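In what follows, a single structure is set out as structure tokens and then discussed.
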Amino acid sequence: MQNSHIFNDSLPKHIAIIMDGNGRWAKSKGKPRVFGHKKGVSAVRKTISAAAKLNIQAVTLFAFSSENWRRPEDEVSLLMELFITVLSSEIKKLHKNNLRLRVIGDKSRFNDRLQKKITEAEKMTENNTGTVINVAANYGGKWDILQATKTLAGLVEQGELLADDITEEMIGRYVTMSDLPDVDLLIRTSGECRISNFMLWQMAYAEMYFTEEYWPEFNEDSLIKAITWFVNRERRFGCTGEQVKALMEAN
Ligand code: IPE
Ligand code: IPE
Ligand code: MG
Numbered sequence: 001m002q003n004s005h006i007f008n009d010s011l012p013k014h015i016a017i018i019m020d021g022n023g024r025w026a027k028s029k030g031k032p033r034v035f036g037h038k039k040g041v042s043a044v045r046k047t048i049s050a051a052a053k054l055n056i057q058a059v060t061l062f063a064f065s066s067e068n069w070r071r072p073e074d075e076v077s078l079l080m081e082l083f084i085t086v087l088s089s090e091i092k093k094l095h096k097n098n099l100r101l102r103v104i105g106d107k108s109r110f111n112d113r114l115q116k117k118i119t120e121a122e123k124m125t126e127n128n129t130g131t132v133i134n135v136a137a138n139y140g141g142k143w144d145i146l147q148a149t150k151t152l153a154g155l156v157e158q159g160e161l162l163a164d165d166i167t168e169e170m171i172g173r174y175v176t177m178s179d180l181p182d183v184d185l186l187i188r189t190s191g192e193c194r195i196s197n198f199m200l201w202q203m204a205y206a207e208m209y210f211t212e213e214y215w216p217e218f219n220e221d222s223l224i225k226a227i228t229w230f231v232n233r234e235r236r237f238g239c240t241g242e243q244v245k246a247l248m249e250a251n
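Heads up: the sequence shown runs through residues 1 to 251, numbered per the UniProt record's numbering.
Here it is, written out as structure tokens:
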């Protein structure tokens, strides 16, 4: 497509998604919440495939927040099981497509089996050069800043750094995903308009897109719509959803 390099430049580099509304979607169908979480996995697949086709540098998906442990025990354990199953069944496909998978968050609270699966999956895909898929699990934006703070405090304690010399750039280096560009587009589904302790540091300048769609309904067209909104809002010239779609198909 003519001008496709111009489009490429105006696409978001790092998209973060709060995948919300699984429970309400299931309820609207008269099904248990778990049904919504399972259906949500296919929305994840569609989103990753569309983002990869558009050569988006990074996609960060909020899968489980540090506050989600407060949910009923059987829902939490089902989510953990689902996480293990999906990791096992999808990782080869991600690898084949040159995608890189990482899990961000406090992994120490996960059981050994899950921690092992995560390490294996990260290792398998670590040298891939395509889209980076970060799955945020037991993640909290405040936790992220806290762990960076602890690292820096450690350096001060060891006499390697003066507290007064700490800069924003240094904090930015120790929060997660410091090797990636900051988030430029945040998407949240299900009509809620809050951050729910997702990335705080890395979203300081993100454009925020809220859609009424429940996460299990989200698909390639939903992503195109969000990206089109972003390009038209933020950047140098307007474009249509058809143009973004054509770019996706051309890649
Ligand atoms: C998002 O859907 C998935 C997780 C938080 C794991 P919810 O489970 O929050 O669904 P609602 O918000 O209750 O509808
Ligand atoms: C945020 O959704 C976390 C994830 C999508 C994993 P929640 O549904 O847990 O957020 P709140 O509780 O409504 O703010
Ligand atoms: Mg929710």
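Note that beta-carbon positions come from the ideal geometry of N, C-alpha and C, so glycine has one too.
Model, not experiment: these values are computed from the prediction.
Query: Beta-carbon within less than 8 Å of Lys31's beta-carbon, same chain only, minus the 5 sequence neighbours each way: which residues are those?; Result: none
Query: Of the choices Ala16, Asp106, Glu73 and Leu99, whose alpha-carbon is the least far from that of Phe62?; Result: Ala16
Query: Would you kindly report the start and end of the unbroken beta strand (DSSP E) that includes Arg188?; Result: Leu185 to Arg188
Query: What does a CB cutoff of less than 8 Å around Arg45 pick up in its chain, not counting 5 residues either side in sequence?; Result: Glu90
Query: If we ignore side chains and look at the alpha-carbon of each, how far apart do Pro181 and Ile145 end up?; Result: 17 Å
Query: Any heavy atom of ligand 2 within a distance shorter than 7 Å of the CB on Ile104?; Result: no
Query: Tell me whether Ile40 is buried or exposed, calling it buried when 16 or more other Cβ atoms sit within 10 Å of its Cβ.; Result: In the sequence under discussion, the amino acid at residue 40 is Gly, which differs from the Ile named in the question. Buried, by the Cβ-count rule.
Query: Give me whichever residues DSSP pairs with Gly209 in a beta bridge.; Result: Per the sequence shown, residue 209 should be read as Tyr rather than Gly. Answer is Ile187, bridged to Tyr209.
Query: When every heavy atom of ligand 1 is checked, does at least one fall within less than 7 Å of the C-beta of Met19?; Result: yes
Query: Check whether the region 114-124 and the region 92-103 are in contact - that is, three or more C-beta pairs closer than 8 Å.; Result: yes
Query: Starting from the N-terminal side, write out each stretch of the beta strand (DSSP E) that is 3 residues or longer and does not extend beyond the region 43-119.; Result: 58-65 and 100-104
Query: Going by C-alpha to C-alpha distance, which of Ala52, Val175, Leu79 and Ile56 sits closest to Phe64?; Result: Leu79
Query: Let me confirm a value: Met1 is counted as buried when at least 16 other C-beta atoms fall within 10 Å, else exposed. Which label applies?; Result: Low confidence applies to Met1: its pLDDT is 48, below 50, so where it sits in the model is not reliable enough to give any reading.
Query: May I ask whether a heavy atom of ligand 1 can be found less than 7 Å away from the beta carbon of Arg45?; Result: no
Query: State the CB to CB distance for the pair Val175 and Ala148, rounded to an integer number of angstroms; the pair is presumed to be in contact (CB under 8 Å).; Result: 5 Å
Query: Where does Ile17 sit, in a helix, a strand or coil, going by DSSP?; Result: strand
Query: If you count every other CB in all the chains shown that lies within 10 Å of the CB of Thr189, and 16 or more means buried, which is it?; Result: buried
Query: Starting from Tyr174, trace the beta strand (DSSP E) both ways and give me its first and last residue.; Result: Here Tyr174 belongs to no beta strand (DSSP E); instead the alpha helix (DSSP H) covers Glu168 to Tyr174.
Query: Assuming Arg100 and Thr125 are in contact, meaning their beta carbons sit under 8 Å apart, how far apart are those beta carbons, in whole angstroms?; Result: 5 Å
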